[in-house]
Amino acid sequence: MTMLVGSNAGDTVTPGVDDAVALLRGKRSVFLTGAGVSTDSGIPDYRGEGAPKRSPMNVAQFLTDAAFRQRYWAGSHRGWKRFASSRPNDGHHAIARLEEAGLSSGVVTQNVDGLHIRAGSRRVVDLHGSMEQVRCLTCGQMFSRDSVAERMVAQNPAFDLSDDEELGPDGDVLVAGIETFDVPDCTVCGGVLKPDIVFFGEYIPREKFEEATQLISEADVLVIAGSSLVVNSGIRLLEQARRSRKPVIIINRGVTKGDGRAAVKIDAGASQTLTAIADRLLADRAVDGEDQA
Numbered sequence: 001m002t003m004l005v006g007s008n009a010g011d012t013v014t015p016g017v018d019d020a021v022a023l024l025r026g027k028r029s030v031f032l033t034g035a036g037v038s039t040d041s042g043i044p045d046y047r048g049e050g051a052p053k054r055s056p057m058n059v060a061q062f063l064t065d066a067a068f069r070q071r072y073w074a075g076s077h078r079g080w081k082r083f084a085s086s087r088p089n090d091g092h093h094a095i096a097r098l099e100e101a102g103l104s105s106g107v108v109t110q111n112v113d114g115l116h117i118r119a120g121s122r123r124v125v126d127l128h129g130s131m132e133q134v135r136c137l138t139c140g141q142m143f144s145r146d147s148v149a150e151r152m153v154a155q156n157p158a159f160d161l162s163d164d165e166e167l168g169p170d171g172d173v174l175v176a177g178i179e180t181f182d183v184p185d186c187t188v189c190g191g192v193l194k195p196d197i198v199f200f201g202e203y204i205p206r207e208k209f210e211e212a213t214q215l216i217s218e219a220d221v222l223v224i225a226g227s228s229l230v231v232n233s234g235i236r237l238l239e240q241a242r243r244s245r246k247p248v249i250i251i252n253r254g255v256t257k258g259d260g261r262a263a264v265k266i267d268a269g270a271s272q273t274l275t276a277i278a279d280r281l282l283a284d285r286a287v288d289g290e291d292q293a
């Protein structure tokens, strides 16, 4: 095992990038991404340095208590405009460029922000769902989040949508005085609406996990970026790669639960490191193409 430590902003991460590129050269990668990939797009994570101190709502709270649902939807509605307007960063674009060049089989993401798709990635498995869709828990009807947001604006005309509060990892903000906030019901059956994401305490749909395992099976190297691997699904996918004797590269600021199982660990920001790796691999491919011409 090779443990490579990059460094903080302003220092070189070239030694780690060199080893990662050497491991990836001539092989097909697959990416597993966590919240650290989206922090440069203005979306904080739960566990990184400087992350806001808050606990995510779990699925039992949401399902069993109308007051918790009211609190969730008020905070999520307040942050939705900013969350939805976030843009892909260089890390998202680097991953998309590698897929476009045929050097990656795709990306499995634990994020619910849709930024990989906006960056141009085509094969994306969103393990935890997407905030852009809302599901009725009674009849299964799906709604776009924008349409639900429009209803919430109409039902709560006095609710302040200012952009001053600190955005949370799931696109929510902490709000007070929500006792009168009117949560919309399903327009088909009157049932409870829930964003089409996996809450804490909820299982990942089997078909999603099977899609993720399929993507990993098609690749030669697993690259994990921006995830501390605290969530069990990430460790399970890492172990799948190891059982298939696929080397693992981890790019993350700080310690992860998979560091001891990585062939290469780069302790650095995801955006800068992914960009450096993609630039090198694509440059190498361009040179190879010229040599063959």
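Numbering (UniProt numbering) for the sequence shown: 1 to 293.
Quick reminder that beta carbons are idealized off the backbone N, C-alpha and C, glycines included.
Taking the C-alpha atoms as reference points, what is the distance between residue i and residue j?
i: ALA74; j: GLY226; result: 28 angstroms
i: SER104; j: MET152; result: 40 angstroms
i: ARG280; j: ASN58; result: 42 angstroms
i: GLY254; j: ARG145; result: 34 angstroms
i: PHE62; j: ILE250; result: 33 angstroms
i: residue 305; j: SER85; result: It is not possible to answer for residue 305, since the shown part of the chain is limited to 1 through 293.
i: GLY234; j: LEU32; result: 8 angstroms
i: THR187; j: ALA96; result: 37 angstroms
i: ASP284; j: ILE277; result: 11 angstroms
i: PRO157; j: THR256; result: 44 angstroms
i: ARG207; j: LYS81; result: Just to set this straight, residue 207 is Glu in the shown sequence, not Arg. Cα-Cα distance, rounded: 30 angstroms.
i: SER121; j: GLY140; result: 28 angstroms
i: ALA51; j: ALA101; result: Caution is warranted here: a pLDDT of 48 is assigned to ALA51, below 50, making its placement in the model unreliable, and the coordinate value is therefore given only provisionally. Roughly 34 angstroms separates the two Cα atoms.
i: GLU210; j: GLY260; result: 25 angstroms
i: ALA212; j: THR39; result: 23 angstroms
i: GLN70; j: PRO205; result: 25 angstroms
Considering only their Cβ atoms, is the gap separating residue j from residue i smaller than 8 angstroms?
i: VAL124; j: ILE117; result: yes
i: GLY269; j: LEU238; result: no
i: MET142; j: GLN133; result: yes
i: LEU137; j: GLY177; result: no
i: ASN232; j: GLY36; result: no
i: VAL221; j: LEU23; result: yes
i: GLN240; j: ILE216; result: yes
i: SER29; j: ALA219; result: yes
i: ASP113; j: ILE224; result: no
i: THR275; j: ASP90; result: yes
i: PRO88; j: ALA119; result: yes
i: SER228; j: GLY34; result: yes
i: LEU193; j: ASP185; result: yes
i: GLN110; j: HIS93; result: no
i: ASP19; j: VAL198; result: no
i: SER41; j: LEU98; result: no
i: MET131; j: PHE83; result: yes
Quick check on the burial criterion: 16 or more other C-beta atoms within 10 angstroms. Buried or exposed for residue i?
i: ASP126; result: buried
i: TYR72; result: buried
i: GLU150; result: exposed
i: ARG135; result: buried
i: VAL17; result: buried
Quick check on the DSSP output: the beta strand (DSSP E) that includes residue i runs from which residue to which?
i: ILE266; result: 264-266
i: PHE31; result: 29-33
i: VAL108; result: 104-109
i: LEU193; result: 193-197
i: ILE235; result: That residue, ILE235, is in no beta strand (DSSP E); its alpha helix (DSSP H) goes 232-243.
Residue i by DSSP, collapsed to three states: which one?
i: MET131; result: strand
i: LEU281; result: helix
i: ILE204; result: coil
i: VAL255; result: coil
i: VAL124; result: strand
i: VAL248; result: strand
i: ALA51; result: Per-residue confidence for ALA51 stands at a pLDDT of 48, beneath the threshold of 50, marking its modelled position as unreliable; the derived number appears in the next sentence. Of the three classes helix, strand and coil, the one that applies to ALA51 here is coil, per DSSP.
i: ASP19; result: helix
Following the continuous alpha helix (DSSP H) through residue i, name the residue where it begins and the one where it ends.
i: ILE224; result: Element bounds for ILE224: not the alpha helix (DSSP H) but the beta strand (DSSP E), 221-225.
i: LEU115; result: 115-119
i: residue 294; result: This structure cannot speak to residue 294, because the chain is shown only from 1 to 293.
i: SER76; result: 66-84
i: VAL148; result: 145-155
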